[in-house]
Amino acid sequence: MFMRLLSLLCFVLVAQPALAVCAGQDLRTTLTADEQVRLQEALEDAVFPEGNHWRATRGDRTLHLIGTMHLTDPRLDAPVDRLRETIETADLLLLEMTDEDQAALEQRLSTDPGLLLLPDTTLPELLMEEEWQKMSEALTARGMPPFMAARFQPWYVSVLLAVPPCAAAPELADSGLDAQLEAIARSAGVPRGALENVETIFMAFADQPRATQIDMMLSSLVDPSVSEDLFATLLASYFDESHAEGWAVSSILAERYSPIDPSAAAEVFTTIEQELLIDRNRAWIPVLLDATEQNVTVVAAFGAAHLPGEDGVLALLENEGFTLERLPF
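Position 41 (the sequence shown) corresponds to 1324 in the working numbering; numbering is contiguous.
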């Protein structure tokens, strides 16, 4: 379940299609009374809980912050049109990963597959027979032969399992919002840069204890129909621009559907939050500050889950003296 939060990584490392081929229910409408109470408590003091486009100003410097999703959806067409002028008139566009970074990463993986492979064992040796059988079925449904995945690092198998089987047809692959905004910048001659080193996420997960990685992997073994519903929920919260709510709902649903012990699932969720969001948010702030010192107008486009919360990019910039204003998306 926690892989709903890893959609970023999934759609950077694995070419994925538009999810229009998938059906799914927005699970926010299915919360029980107890779950609704938990959700309201989580949102009671939420900081910057909504919004996909924000403007941060300090002195004569302007920083546009755009929350993206790293997968294709036709509903992105209108936002892309509205954001075009913002991108074309910027002095710099910052992304989590540029096209050049992605090409370098692909080259690195082709020459050093050890980044993704277990060095000393295989997944069938690490799992119980029943667990490996379920894993094999899930991988096969996504077009990945189990014998190929048997040597993968557990965290990377979690990435593969993040995508519902209905969305695993490679011929449907397209570009997400990040890529579309980068294409606009490239055509307009706007310089592009990255917020972090291309291997940052690799290291964050590869450094996790193997037992934690296995919990990450096993927590992804949900029923395919549930996987579709979780993705539908993720997409719905994004287009509602309700990121704090989406995050809180993800935490609640993680416990509801977790194939592993709920306490272990909660621990996995906390680990992902720290590694994927909080630590990276803090590391991005000096990059953003330097960019605004060197340029009058900067646009930074990154996964929308990085925006809200006390440790979100918006609050961290406010702490640096920026004034925040929500803009239409």
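Virtual Cβ for every residue (Gly too), placed ideally from N, Cα, C. For clarity, every value in this text was computed on a predicted model and none was experimentally measured.
(Q) Once DSSP output is grouped into helix, strand and coil, what is the label at Phe1281? (A) Residue coverage of the chain in this structure runs from 1284 to 1612, which leaves residue 1281 outside it and unanswerable.
Q) Within this structure, are the beta carbons of Ser1503 and Pro1447 separated by less than 9 Å? A) In the sequence shown, the residue the question calls residue 1503 occupies position 220. In the sequence shown, the residue the question calls residue 1447 occupies position 164. No; because the gap between Cβ atoms is not below 9 Å, this pair is not in contact.
Q: Identify every residue that forms a DSSP beta bridge with Phe1585.
A: Walking along the sequence shown from the start, residue 1585 turns up at place 302. According to DSSP, which records beta bridges pairwise, Phe1585 is partnered with Gly1350.
Q.
I'd like to check one pair, Ile1467 with Arg1367: are the Cβ atoms closer than 9 Å?
A. If you number the sequence shown from 1, residue 1367 lands on position 84. If you number the sequence shown from 1, residue 1467 lands on position 184. A contact, by the Cβ cut-off of 9 Å.
Q) CB-CB under 8 Å to Thr1372, same chain, minus the five flanking residues each way: which ones, in chain order? A) As a position in the sequence shown, residue 1372 is number 89, starting the count at 1. Cβ neighbours of Thr1372 beyond the five flanking positions: Thr1580.
Q) Comparing alpha-carbon positions, which option in Glu1414, Val1551 and Pro1402 lies nearest Gln1491? A) Counting from one through the sequence shown, the residue named residue 1491 turns up at place 208. Cα-wise, what sits closest to Gln1491 is Val1551.
Q. Nearest-angstrom Cα distance between Glu1601 and Ala1548?
A. Position 318 of the sequence shown holds residue 1601. Position 265 of the sequence shown holds residue 1548. Rounded to the nearest angstrom, the two C-alpha atoms are 32 Å apart.
Q: Please classify Ser1546: is it buried, with 16 or more other beta-carbons within 10 angstroms of its beta-carbon, or exposed?
A: The residue labelled residue 1546 in the question sits at position 263 within the sequence shown. Under this definition Ser1546 is an exposed residue.
(Q) So, at 7 Å on beta carbons, what are the nonlocal neighbours of Tyr1439 in its own chain, with the 5 sequence-adjacent residues on each side left out? (A) Indexing the sequence shown from 1 puts residue 1439 at position 156. Closer than 7 Å at Cβ, skipping near neighbours: Leu1399.
Q) Which of helix, strand or coil does DSSP assign to Asp1457? A) By 1-based counting over the sequence shown, the position of residue 1457 is 174. The pLDDT assigned to Asp1457 is 47, lower than 50, so where the model puts this residue is not dependable, and the model offers no usable value.
**Q.** Spatial neighbours of Val1532 in its chain, beta-carbon cut-off 6 Å, leaving aside the 5 residues before and after
**A.** Start at 1 with the first residue of the sequence shown, and residue 1532 comes out as number 249. Excluding sequence neighbours, Val1532 sits near Arg1311.
**Q.** Euclidean distance between Cα positions of Ala1456 and Glu1327
**A.** Here residue 1456 refers to the residue found at position 173 of the sequence shown. Here residue 1327 refers to the residue found at position 44 of the sequence shown. Because Ala1456 carries a pLDDT of 39, less than 50, the predicted location of this residue cannot be relied on, and the following value inherits that uncertainty. The straight-line gap from Cα to Cα measures roughly 39 Å.
Q. Hey, Gly1592 and Ala1537 are a contact pair by Cβ (cut 8 Å); roughly how many whole angstroms apart?
A. In the sequence shown, counting from the first residue as 1, residue 1592 sits at position 309. In the sequence shown, counting from the first residue as 1, residue 1537 sits at position 254. Wrong, their Cβ atoms sit about 17 Å apart, outside the cutoff.
Q | Cβ pair Ile1555, Met1486 closer than 9 Å | A | Stepping through the sequence shown from its first residue, residue 1555 is reached at position 272. Stepping through the sequence shown from its first residue, residue 1486 is reached at position 203. Taking 9 Å as the Cβ cut-off, Ile1555 and Met1486 do not qualify as a contacting pair.
(Q) Can you give me the C-alpha to C-alpha distance between Gly1586 and His1336, rounded to a whole angstrom? (A) Locating residue 1586 in the sequence shown gives position 303, counting from the first residue. Locating residue 1336 in the sequence shown gives position 53, counting from the first residue. Between Gly1586 and His1336, the C-alpha separation is close to 12 Å.
Q | Asp1317 to Pro1332 span [Cα, whole Å] | A | As a position in the sequence shown, residue 1317 is number 34, starting the count at 1. As a position in the sequence shown, residue 1332 is number 49, starting the count at 1. Distance between the alpha carbons of Asp1317 and Pro1332: 21 Å.
Q | Contact check, Gly1334 vs Leu1590, beta carbons under 9 Å | A | For the purposes of this step, residue 1334 is taken as the residue at position 51 of the sequence shown. For the purposes of this step, residue 1590 is taken as the residue at position 307 of the sequence shown. Yes, Cβ-Cβ distance for Gly1334 and Leu1590 is below 9 Å.
**Q.** Residue range of the beta strand (DSSP E) that includes Gly1529
**A.** Along the sequence shown, read from residue 1 onward, the residue named residue 1529 stands at position 246. First-last for Gly1529: His1526 to Tyr1540, but that is the alpha helix (DSSP H), not the beta strand (DSSP E).
Q. Quick one, are the C-beta atoms of Thr1340 and Leu1348 less than 9 Å apart?
A. As a position in the sequence shown, residue 1340 is number 57, starting the count at 1. As a position in the sequence shown, residue 1348 is number 65, starting the count at 1. Their beta carbons are not under 9 Å apart, which means Thr1340 does not touch Leu1348 by this criterion.
**Q.** Own chain residues within Cβ distance below 6 Å of Leu1422, not counting five before or after
**A.** The count along the sequence shown starts at 1 and reaches residue 1422 at position 139. Counting only Cβ-Cβ distances below 6 Å, and skipping sequence neighbours, we find Pro1429 and Ala1432.
Q. How far does the beta strand (DSSP E) with Ala1339 in it reach, from first residue to last?
A. Indexing the sequence shown from 1 puts residue 1339 at position 56. Unbroken beta strand (DSSP E) run through Ala1339: His1336 to Arg1341.
Q. Which two residues bound the contiguous alpha helix (DSSP H) that contains Arg1311?
A. Start at 1 with the first residue of the sequence shown, and residue 1311 comes out as number 28. No alpha helix (DSSP H) holds Arg1311; DSSP gives it neither H nor E.
Q: In the DSSP assignment, find the unbroken alpha helix (DSSP H) run with Leu1572 in it and report its ends.
A: Walking along the sequence shown from the start, residue 1572 turns up at place 289. Run containing Leu1572: Asp1562 to Gln1577, per the alpha helix (DSSP H) assignment.
Q. Nearest-angstrom Cα distance between Leu1376 and Glu1414?
A. Taking the first residue of the sequence shown as position 1, residue 1376 is located at position 93. Taking the first residue of the sequence shown as position 1, residue 1414 is located at position 131. So the alpha carbons of these two residues sit roughly 44 Å apart.
Q.
My assumption, with CB atoms under 8 Å, is that Asp1382 sits in contact with Glu1465. Please give the rounded CB distance.
A. Here residue 1382 is taken as the residue at index 99 of the sequence shown, counted from 1. Here residue 1465 is taken as the residue at index 182 of the sequence shown, counted from 1. With 8 Å as the limit, Asp1382 and Glu1465 qualify as a contact, their Cβ atoms being about 6 Å apart.
Q) Where Phe1435 and Thr1483 are concerned, what is the direct C-alpha to C-alpha distance, given to the nearest angstrom? A) As a position in the sequence shown, residue 1435 is number 152, starting the count at 1. As a position in the sequence shown, residue 1483 is number 200, starting the count at 1. Taking the straight line from one Cα to the other gives about 18 Å.
Q: Measure the alpha-carbon distance for Leu1401 versus Ala1306 and round it to whole angstroms.
A: For the purposes of this step, residue 1401 is taken as residue 118 along the sequence shown, with counting starting at 1. For the purposes of this step, residue 1306 is taken as residue 23 along the sequence shown, with counting starting at 1. Approximately 35 Å between the Cα atoms of the pair.
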